[in-house]
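Enquirer: The structure's right below; bear with me while I get my questions together.
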Amino acid sequence: METLILEISTRGLHRYHEINGEVTTIGRALDNDIILSDPTVAPHHLKIVRHGDSIEIVNLAEVNPTRIGRTPIDSQLTGELPLPLEIGRVHAQLLPRDHPVTATRPLAGRDSRNLFGSPVWACLLVAACLLSSGLEFYYSAYTDYKWTDLVKYVLREAVLTIGALVLSLAVLERLLVNRWEIKQLVTSVCLVYLAYILLAELSDGLVYLVSSSWPSTLFQFGWNLLLIPCAIAFYLIHISHLKANRSIVLAVLIASPLAIPTLLQSPQFQSLLDEFSLIAPYQNSLSAVNWHLAETVSIDTFIEQAQELDPGEFSD
């Protein structure tokens, strides 16, 4: 009689048990062949009986009965494998011994030359984030500034932002896959931070170039609704090695608490609602060189055109 494998899905690594005998009992009691400690599993939950080429699943639980494909059963005879089982809230499946497995995925952190594999790269990226945050403060300062103001800005905008994201994502990763990937997480967060600064500057340049605010609005909505979920999904798939469909759902759930408040408070969203923005549209789109695509008007021409206008009427 061919040996079967019972795969029990758990957080992190799955558990596998060989089924060799004709009758195998599963439950929470210690006299079972396979013991499950989950409190939703009955002391004697189900029995697997083998009849030659067929398998009979016999339910023994009155509370949380055994399910096959989300359908409660009393007894079912089948010869098809794999066979999905729900034992309380424990998900398992019965597999043949020659069941194919997925391809081995490479570790993203063993090669010191790899961007995600060396703590040196993580430290360099953190330093680059601090430098870029300081340069952003320097270029946006319209008055004389002090070094204390620069330090406060860098600590608030870069250190706290990166630290909060790394801490929160590390806790989520621990809950999801039961592992810590601090080096890879710091590297990923710093890359996303630098990409945000670069794309924000690019969008501001496009605002000046096309004399319109739509590049900035498109960037804000695209960043929060598309790029952030894509970055989280990429990390979960290639670093944490989760399945693609699960990673996409988790990425949307993780990004939503960050994206929705940011969009609701953004000047671009408020301007769409009431056509008024708390931030002047020219604040981040000034340039010392005129490189507008649209044709500009000289001051003399503007004065001549203004003199030809009819005077307006004063109204209180």
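Everything in the sequence shown is counted per the numbering used here, starting at 142 for the first residue and increasing by one. Don't be surprised by glycine CBs; every beta carbon is placed ideally from N, CA and C.
#1: Please name the residue in L310, V330 and L347 whose C-alpha comes closest to that of W321.
#2: Between H240 and S150, which are expected to be in contact by the criterion C-beta below 8 Å, what is the C-beta distance as a whole number of angstroms?
#3: Just list the residues that DSSP pairs H232 with in beta bridges.
#4: Tell me, please, which residues DSSP counts as bridged to P260.
#5: Just the Cα atoms here: how many angstroms apart are A392 and V312?
#6: List the DSSP bridge partners of A191.
#7: Could you give the C-beta distance for L147 and H158, rounded to a whole number, given that I count them as a contact under 8 Å?
#8: Take K287 and list the residues in its own chain whose beta-carbon comes closer than 8 Å to its own, dropping the five residues that flank it on each side.
#9: Does G220 come out as helix, strand or coil in the three-state DSSP assignment?
#10: Is the region 210-217 in contact with the region 260-274, if contact means three or more CB pairs nearer than 8 Å?
#11: Flag this pair as yes or no: are the beta carbons of L145 and P237 separated by less than 8 Å?
#12: May I have the straight-line CA-CA distance separating L332 from Q325, to the nearest angstrom?
#13: Where do the ends of the alpha helix (DSSP H) carrying R156 lie?
#14: Distance check for Q361 and S458, CA to CA, integer angstroms please.
#15: Run through the region 265-332 for me and flag every whole alpha helix (DSSP H) of 4 or more residues, listed as ranges in chain order.
#16: Using only CA atoms, which one of S329, L347, V438 and I373 lies nearest to L256?
#17: Applying the criterion that 16 or more other CB atoms from any shown protein chain within 10 Å of the CB defines a buried residue, is T166 buried or exposed?
#18: Check the DSSP bridge columns for R208 and list the partner residues they point to.
#19: DSSP on L171, reduced to helix/strand/coil?
#20: DSSP state of T165, grouped into three classes?
#21: What's the call for Y376, buried or exposed, on a 16-neighbour Cβ count within 10 Å?
#22: Per DSSP, what are the beta-bridge partners of E148 in this structure?
Expert: Per the coordinate set shown:
#1: Against the sequence shown, residue 321 aligns to sequence position 180. Checking every option, the nearest Cα to that of W321 belongs to L310.
#2: The residue given as residue 240 occupies position 99 in the sequence shown. The residue given as residue 150 occupies position 9 in the sequence shown. Contact flag wrong, Cβ pair sits at about 14 Å.
#3: The residue labelled residue 232 in the question sits at position 91 within the sequence shown. E227.
#4: Your numbering for residue 260 matches position 119 in the sequence shown. BP columns for P260 are empty, so no partner.
#5: What you label residue 392 is simply residue 251 of the sequence shown in a count that begins at 1. What you label residue 312 is simply residue 171 of the sequence shown in a count that begins at 1. Approximately 15 Å, taken between the alpha carbons.
#6: As a position in the sequence shown, residue 191 is number 50, starting the count at 1. Here residue 191 turns out to be Arg, not Ala, going by the sequence shown. In the DSSP output, where bridge partners are listed per residue, R191 has I196.
#7: On the sequence shown, position 6 is the one that residue 147 refers to. On the sequence shown, position 17 is the one that residue 158 refers to. About 5 Å separates the two Cβ atoms, so the contact holds.
#8: On the sequence shown, position 146 is the one that residue 287 refers to. Cβ neighbours of K287 beyond the five flanking positions: none.
#9: For this step, residue 220 is matched to residue 79 along the sequence shown. Looking at G220 - three-state DSSP - the assignment turns out to be coil, as it is neither helix nor strand.
#10: no
#11: By one-based count along the sequence shown, residue 145 stands at place 4. By one-based count along the sequence shown, residue 237 stands at place 96. Taking 8 Å as the Cβ cut-off, L145 and P237 qualify as a contacting pair.
#12: Position 191 of the sequence shown, counted from the start, is the residue given in the question as residue 332. Position 184 of the sequence shown, counted from the start, is the residue given in the question as residue 325. Rounded to whole angstroms, L332 to Q325 spans 11 Å at the Cα level.
#13: As a working mapping, residue 156 is identified with position 15 in the sequence shown. Here R156 belongs to no alpha helix (DSSP H); instead the beta strand (DSSP E) covers R156 to I160.
#14: The structure shown does not extend to residue 458, since the chain is modelled only from 142 through 457, so no value can be given for it.
#15: 288-295 and 301-318
#16: Numbered from its first residue, the sequence shown carries residue 256 at position 115. Taking only the C-alpha atoms, the option nearest L256 is S329.
#17: On the sequence shown, residue 166 is found 25 positions in, with the first residue counted as 1. Buried is the call here.
#18: Along the sequence shown, read from residue 1 onward, the residue named residue 208 stands at position 67. For R208, which the question treats as bridged, DSSP gives the partners P213 and E227.
#19: For the purposes of this step, residue 171 is taken as residue 30 along the sequence shown, with counting starting at 1. It is coil, neither helix nor strand.
#20: Translated into the one-based positions of the sequence shown, residue 165 becomes position 24. Here T165 sits in strand by DSSP.
#21: Stepping through the sequence shown from its first residue, residue 376 is reached at position 235. When all chains shown are included, Y376 counts as buried.
#22: Mapped onto the sequence shown, residue 148 falls at position 7. Bridge partners of E148: Y157 and Q234.
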